[in-house]
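Okay, so here's the structure we're looking at.
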Amino acid sequence: MSFCIKKLVSLLFQATTSNIIEPFLQRGFRKASDFYNPNMLLQTLRLKTFNSADSMINHFITNPRLRQVLSFQTLYIGISPKTGPSLYTIIPMIEWLYGVWFIKGGMYAMASGMKRLFLELGGQICCQKTVEEVLIADQVAKGIKLADQTVIQSDFVIVNADFPYAMKHLVTDKKAKGKYTDDKIDQMSYSCSCFVLYLGLNRKYDQVKNVHNFVFSNDLDDNISAIFEGKLLEDPSFYVYMASKLDPSLAPSDKDGVYLLTPVPDLETAQYDWTDKTTTYYRQRLVDGLKKVPGFETVEEDIVCETAMTPPDFLKRFNAYRGACFGLQPTLTQSNHLTPQSKAKNCERLYFTGSSTHPGAGVPIVLLSAKIAVDELLLDDLGIEPQPLSI
Ligand SMILES: Cc1cc2nc3c(=O)[nH]c(=O)nc-3n(C[C@H](O)[C@H](O)[C@H](O)COP(=O)(O)OP(=O)(O)OC[C@H]3O[C@@H](n4cnc5c(N)ncnc54)[C@H](O)[C@@H]3O)c2cc1C
1 MSFCIKKLVS LLFQATTSNI IEPFLQRGFR KASDFYNPNM LLQTLRLKTF NSADSMINHF
61 ITNPRLRQVL SFQTLYIGIS PKTGPSLYTI IPMIEWLYGV WFIKGGMYAM ASGMKRLFLE
121 LGGQICCQKT VEEVLIADQV AKGIKLADQT VIQSDFVIVN ADFPYAMKHL VTDKKAKGKY
181 TDDKIDQMSY SCSCFVLYLG LNRKYDQVKN VHNFVFSNDL DDNISAIFEG KLLEDPSFYV
241 YMASKLDPSL APSDKDGVYL LTPVPDLETA QYDWTDKTTT YYRQRLVDGL KKVPGFETVE
301 EDIVCETAMT PPDFLKRFNA YRGACFGLQP TLTQSNHLTP QSKAKNCERL YFTGSSTHPG
361 AGVPIVLLSA KIAVDELLLD DLGIEPQPLS I
C-alpha cells in the first residue's frame, strides 16, 4: 500500500473513531445537555450530517452507477438514501476500507459465542418464553410477567424486544410510557421490511465466483421510492449471497445454498395486504431476476428446498413493529438524543436496547446499544462511569 493511501486510511479511521464512534455511537443521551453542548455541536457540524446520503455522495461522485453503488447501502439499515442523513455514508466507507467480515458458522456462531460467555459469567437463559408485561409500580420496574403468568421479580429490567412494540404492549403503565404513548408510537417513521428467500441447490455453482452479489433494478431510484411509498415492487433490486462459498460446512459437499434478500415496504406503508399470493409473487420476481444473472440460468430447476421470510414473519416471530426489519427509521429527527434512549425517562430501573433505540440498527450497532444499556445500569447501580471501547 502506498504511503498516501495508508495516510488516507489512517485519517479516515481517526475521523471515524473520534468524530462518530465515541461521541455519537458509544454513549446514551440522558439529558438535553448531553447533546446540546459545545463539543457535540462542533462534532455535528464537522460531520456535515444535515445533508442526505444521496446529496453528499452526488456532491463528490458524478458517475450514476458509482453513485448508486455507494448510496443504496443506507438500505442496510432500512432507510432511503434520499432521506437517510449523510452520516450513513459511513456504511460504504467502512465496507470499502475494512471489507466485509464473515464469522465461520454464520451469524448463529456469534449468538452461540455470546450465549457461552453469558453462561460462563453466571447468567441464566430461558428460551421459548414469551414476556407479556414489564411489571412496574410507582414508576419503578420490578420484574416481568410471562405469557404463562409466571412472575419473575428483579432489581432491574433490560428490554431487548423492539422498542415501539415493547412500549405499546409490554409497558402498560401509562406514566412509565412518558411521551411514548400509543399515538406517538404510531406516528413515528419506520424502516422498510425485507423479503428473504433461502434456496437449497442441487449442485455446486462453481461458475459463480462472488459470495456477495447485487442485482440492481433497471431504475433504482424508482425502486427505492416505491419501497417507501408502499407499492408492490415490479422490478425489485436484490442481494444474492452464497455463504457456502466461504464456509462449505453450510451446504452438503456437492451442493450450494443461496440467500436472496430484497427490501420491501413495511406492513403499514404497504398499499396491499401481504398474503400467500404476495409471497409467491416476490418469490417468482427474485427467481426470474436471478435466472438472468450469468451462472444462475438453471437456478429454478436446481432448487431442492426453499423457505421464505416475509414481513408478517418478522412481525409474528420477532415482534418487529409493523414488520419493519430495522426498527425506527434513523432520520435526523429520530437520531441521537431524539430517538428512544436506553434509560427509560419515566421509569426507574428500566432500560431498553436494540435497533429502535440509540444508536440504531445493524448487529455491531445493536451491540453498542447493549453496551450503552449496561453502562447506564452500572452508573445507576454502582456509580461506575462509562468507559469507551478501545478500538
Ligand atoms: C434480512 C435481514 C438481514 C440483515 N443483515 C444484516 C447484516 O448483514 N449485518 C448487520 O449488521 N445487520 C443486519 N441486519 C440487521 C440486524 O439483524 C438487526 O439490526 C439486529 O438483529 C437487531 O437486533 P435486536 O436485538 O434489536 O432485535 P432482534 O434480533 O429481533 O432481537 C429481539 C428479540 O426479542 C425477542 N422478543 C420480542 N418480543 C418478545 C417477547 N414479548 N418475549 C420474549 N422475547 C421477545 C424476539 O423474538 C427477538 O429474538 C439484517 C436484518 C434483516 C431482517
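Positions 1 to 391 (full-length UniProt numbering) are the ones given, in order, by the sequence shown. Every residue gets a Cβ at the ideal spot worked out from N, C-alpha and C, and that includes glycine.
- The continuous alpha helix (DSSP H) containing Pro64 extends over residues 64–71.
- Closest in alpha carbon position to Arg203, among Ser112, Ala251, Ala166, Leu233, is Ala251.
- Taking non-hydrogen atoms of ligand 1 into account, the C-beta of Leu250 is found less than 7 Å away from none of them.
- The C-alpha of Pro81 lies about 36 Å from the C-alpha of Asp302.
- With fewer than 16 other beta carbons inside 10 angstroms of its own, Ile384 counts as exposed.
- Residue range 299–302 is occupied by the alpha helix (DSSP H) that includes Glu300, with no beta strand (DSSP E) assigned at that position.
- Between the region 99–116 and the region 340–354, the count of Cβ pairs shorter than 8 Å is below three; the stretches do not touch.
- Pairing Met309 with Asn37, the inter-Cα distance amounts to about 44 Å.
- Here Glu234 carries a coil assignment [DSSP, helix/strand/coil].
- Leaving aside the five residues that flank Asp54 on each side, the residues in its chain whose CB is nearer than 6 Å to its CB run, in chain order, Ser71, Pro81, Lys82.
- The nearest non-hydrogen atom of ligand 1 is less than 7 Å from the C-beta of Pro364.
- Excluding the 5 residues flanking it on each side, Leu146 has same chain C-beta neighbours closer than 8 Å at Lys129, Thr130, Val131, Glu132, Ile152, in chain order.
- Secondary structure note for Asp313: its alpha helix (DSSP H) is the uninterrupted segment 311–318.
- Here Arg322 has Tyr190, Asp266, Leu267, Glu268 as same chain residues with Cβ atoms under 6 Å from its own Cβ, once five neighbours each way along the sequence are excluded.
- Between Val304 and Val287, the gap from beta carbon to beta carbon reaches 8 Å or more.
- About 14 Å separates the CB atoms of Lys177 and Met188; that is not less than 8 Å, and the two are not in contact.
- Taking C-alpha positions only, Asp138 is separated from Ser154 by approximately 15 Å.
- Arg30 is a Cβ neighbour of Lys343, given a cutoff of 8 Å.
- Looking only at Cys347, Gln329, Phe216, Asn213, the smallest Cα-Cα distance to His358 is reached by Gln329.
- Here DSSP, grouped into helix, strand and coil, assigns Leu121 to coil.
- Distance between Ser369 and Asn223, taken at the CA atoms: about 31 Å.
- Secondary structure in the region 126–166: the beta strand (DSSP E) runs of 3 residues or longer, each lying completely within the stretch, are 131–137, 140–146, 151–153, 157–159 in chain order.
- Note on Trp274: 16 or more other CB atoms within 10 angstroms of its CB, so buried under the neighbour-count rule.
- At least one heavy atom of ligand 1 sits closer than 7 Å to the Cβ of Val131.
- Here the distance from the Cβ of Val196 to the nearest heavy atom of ligand 1 is below 7 Å.
- Contact annotation, Leu382 with Ile158: C-beta distance approximately 16 Å; criterion of less than 8 Å not satisfied.
- The shortest CA-to-CA distance from Gly99 to any of Val211, Leu232, Arg283 is the one to Val211.
- About 4 Å separates the beta carbons of Leu350 and Ala141, which is inside the 8 Å limit, making them a contact pair.
- Within the same chain, Ser193, Ala320, Gly323, Cys325 come within 7 Å of Phe314 by CB-CB distance, once the 5 residues on both sides are set aside.
- Under DSSP, Cys347 takes part in no beta bridge, so it has no partner.
- Of Tyr205, Ala243, Gly295, Gln284, the smallest CA-CA separation from Thr262 is found for Gln284.
- In the DSSP assignment, Pro388 falls outside any beta strand (DSSP E) and carries neither an H nor an E.
- In terms of side-chain proximity, the C-beta atom of Ala324 is found no nearer than 7 Å to any non-hydrogen atom of ligand 1.
- Look at the region 53–112 and you find no whole run of beta strand (DSSP E) that is 3 residues long or longer.
- Within the DSSP secondary-structure output, Tyr241 pairs in a beta bridge with His212, Tyr259.
- At a threshold of 7 Å, Leu170 counts as near ligand 1, since its beta carbon sits closer than that to one of the ligand's heavy atoms.
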